[in-house]
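*Asks:*
Residue numbers (mature numbering (1 follows the signal peptide of the UniProt record, and there is no 0)): -21 to -1, 1 to 247.
1. Applying the criterion that 16 or more other CB atoms from any shown protein chain within 10 Å of the CB defines a buried residue, is residue 203 buried or exposed?
2. Assess, as a yes-or-no matter, whether the stretch 167 to 181 is touched by the stretch 205 to 215 under the definition of 3 or more beta carbon pairs within less than 8 Å.
3. Out of curiosity, what's the CA-to-CA distance linking residue 90 and residue 66?
4. Could you check the C-alpha separation between residue 126 and residue 158 for me, to the nearest Å?
5. Is it buried or exposed, residue 193, if we count other Cβ atoms within 10 angstroms and call 16 or more buried?
6. Mapping DSSP to helix, strand and coil, what is residue 42?
7. Under a Cβ-count criterion, where at least 16 other Cβ atoms within 10 Å of its own Cβ denotes burial, should residue 261 be classed as buried or exposed?
8. Work out the CA separation of residue 54 and residue 24 for me, nearest whole Å.
9. Helix, strand or coil: how does DSSP classify residue 179 here?
10. Which of helix, strand or coil does DSSP assign to residue 192?
11. At the level of alpha carbons, what is the spacing between residue 106 and residue 136?
12. Output the distance between the C-alpha atoms of residue 74 and residue 104, rounded to the nearest integer angstrom.
13. Put residue 199 into one of helix, strand or coil per three-state DSSP.
14. I'd like to check one pair, residue 195 with residue 201: are the Cβ atoms closer than 9 Å?
15. Would you report the Cα separation of residue 61 and residue 40, rounded to the nearest angstrom?
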């Protein structure tokens, strides 16, 4: 910056001298007219003075700008130097935090590895326990089947050796009466539901047939009634085919509980 100022001063001083020397050479060439030379010299002096003044002002403005820049540089340098310890301290803190994070990451990886080992061990133990439970379940199931057979044989022997009484017949008649009442009640409920569903189904079938141009001519009450009845009968037969296999063993079980030999002996 000092060298720059020295160059500026040198330019201010030297440039008017070059101009003045060139003008003097022109005056020397016109020595035959002294008045004109004096006038020319005075004009040159004024021009040089004015030019020098303008250049000095311009150089002063440049010097002021340079001084303001120097002050800005000094303030920035001082602020940077004052904030440098804080930056270094922050860098040290960040380094310590990074070290702590690396340590925590290594600890977490180690704990994760330990947990994975424990999970594999637990999975092996669960598989072994499940296999043992499966074997025990098979054994218990076989034993339970044997116990059921033994209980059935015991009950059959007890009933075979037991003398039938009239209370058994009365109990059977009461059970039959209750079953009949229950069946009639269920039949009434079923018939009411079937009737309601039959009417709804007739309306639905008639509506769907009327929507189609081909079947709209057949959408009379007889055809609609027949189709609704056929659908309900088909559903009843389908339900009966599914429920009949579960109903037959129940009848067989009741017959096993009350063998024909008991009633035959009672009649005798």
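Here a beta-carbon is modelled for each residue, glycine too, at the ideal position from N, C-alpha and C.
*Replies:* On the basis of the coordinates in this document:
1. buried
2. yes
3. 36 Å
4. 31 Å
5. exposed
6. helix
7. Residue 261 is absent from the model: the chain starts at -21 and stops at 247.
8. 44 Å
9. helix
10. coil
11. 45 Å
12. 45 Å
13. coil
14. no
15. 31 Å
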